[in-house]
Amino acid sequence: MESLVLKTWLVWTCGNYYLLHSSTITENQFLVAGSYIKKVIIFNVALPSAAKDPILVFEVFLKYSHENGSFDVKKSIGAVPVRSVSYSSLEAENSELKKEVAELSEKLNEMETLYLTLKANYTYLSESYSELSRKYEKLLEDYINVSRELEKIRVLYASLTRHLSNVSESYEELHEEHVKVLNVLEDYKAKYSNLKKEYENLVQKYDKLTKDYLRLQREYSNLLCITIALAGVSTVLLALTIYFKKKRSLPLPPPPPPPPQA
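The sequence shown begins at 707 in my numbering and counts up by one.
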């Protein structure tokens, strides 16, 4: 082998390029078939400020002699994009984002549990409200029936009063009927008073349940807004994670054309 040279070129998108480093790996060395050469090359790369999306291109220049003659080989062996942020920094940032996503997911689960509890309380309150509405309707129906009965009694009492003025000989009998009617009236008045008290108690319970319902509804709205906000933040963080993963897995651009011969 006459010579083996490795050249490193810097190329950026505007089409500019220049030679960063040239290293001779070996010269005038006899190699046996199946053998290999190992050499570590270390050099610093100074990027110009105008370089945009720079790429390192490696070229190998090989001159060797064989029983069939001498040969020159030139070949590009790879291109490496130069990034302003290191892989370890991106990996650390990605790990931090994963932790934040996990924490937000845990908070979201807690919010979902709280939402389910609030929903169960809301269902119970709705059922209680429906039951109270049915009782109120029944009480109202009873009140209407009692009012009708009282109206019938009033009509009957008026009729008896008219008959009392016309039939004086049956005063005692009419008086007894009058007492019976008064007893019935007092009984209905007592029933009406009891129903009125029960109605007022139910109205107070209804007002309390209504206040609890409005309070739970406000809490439900607040929790729903927080849940939607956390879901939006989780979506943004997930999108950023996918973006960085895709950015790391972008395919390499094709190698640039070889530099002009000196």
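Just so you know, even glycine gets a beta-carbon here, dropped at the ideal spot from N, CA and C.
Asked	Found
Alpha-carbon to alpha-carbon, L796 and F950	8 Å
Whether L831 touches L922 by CB criterion (8 Å)	yes
Cα-Cα separation, Y842 to N851	14 Å
Whole-number beta carbon distance between S940 and S811, since they are thought to touch under 8 Å	7 Å
Close Cβ partners of K902 (< 7 Å) along its chain, the five nearest in sequence each way excluded	none
Sequence ranges, beta strand (DSSP E) only - wholly within the segment 884-965, length at least 3	none
Three-state class that DSSP yields for V711 in the structure shown	strand
Nearest neighbour of V942, chosen from Y905, K844, Y898, V807 [CA to CA]	V807
Assigned secondary structure, G775 (DSSP; H/G/I helix, E/B strand, else coil)	strand
Residue environment, L716, which counts as buried when at least 16 other CB atoms sit within 10 Å	buried
Sequence-distant residues of its chain with Cβ nearer than 6 Å to Y828 (five each side left out)	L922
Beta bridge counterpart(s) of K781 as assigned by DSSP	V766
Stretch pair the segment 889-905 + the segment 854-865: three plus CB contacts closer than 8 Å	yes
Counterpart residues of T730 in DSSP-defined beta bridges	V711
S834 and L915 closer than 8 Å at C-beta	yes
C-alpha gap between L920 and E837, whole angstroms	18 Å
Span separating the alpha-carbon of K769 from that of A798	45 Å
DSSP three-state assignment for V746, whether helix, strand or coil	coil
Spatial neighbours of A968 in its chain, beta-carbon cut-off 6 Å, leaving aside the 5 residues before and after	For A968, the pLDDT reaches just 42, beneath the cut-off of 50, and the residue's location in the model is therefore unreliable, leaving the point undetermined.
Euclidean distance between Cα positions of K804 and C931	24 Å
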